[in-house]
Amino acid sequence: GRRDEIAAELFVSPSTVRYRLRQLRDLYGDRLQDPRSIAELTVALADRGAVVADPPQRE
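Numbering of the sequence shown is given in my numbering, commencing with residue 1 and proceeding in unit increments.
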């Protein structure tokens with residue numbers, strides 16, 4: 001599934017992705033369905049250096 005792909009890209013396990021998504025849903029609720037809120041969160045995370053544009057490649 002998509003979570004498996006995301007986990008591979010982030011170099012974490014699929015269960016970690018599920019856990020983190022659940023945390024985001026608990027914190028932000030319906031705002032995660034709003035494109036503007038998603039954009040604002042993305043900008044805030046990028047400003048803090050939390051968003052990695054080019055993750056390291058596996059060898």
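Think of the CB as a built atom: it goes at the ideal place given N, C-alpha and C, for glycine as much as any other residue.
CA-CA distance, Leu-45 to Ile-38, rounds to 11 Å. Each residue's CA atom was taken as its position, placing Leu-24 and Asp-47 some 18 Å apart. In the DSSP assignment, Gln-23 falls within the unbroken alpha helix (DSSP H) covering 14-28. Cα atoms of Ile-6 and Leu-32: separation of roughly 17 Å, rounded to the nearest angstrom.
For Asp-47, the uninterrupted alpha helix (DSSP H) run begins and ends at 35-47, by DSSP. Scanning its chain for C-beta atoms nearer than 8 Å, with the 5 sequence neighbours on each side dropped, one finds around Arg-3 the residues Pro-14, Val-17, Arg-18 and Leu-21, in chain order.
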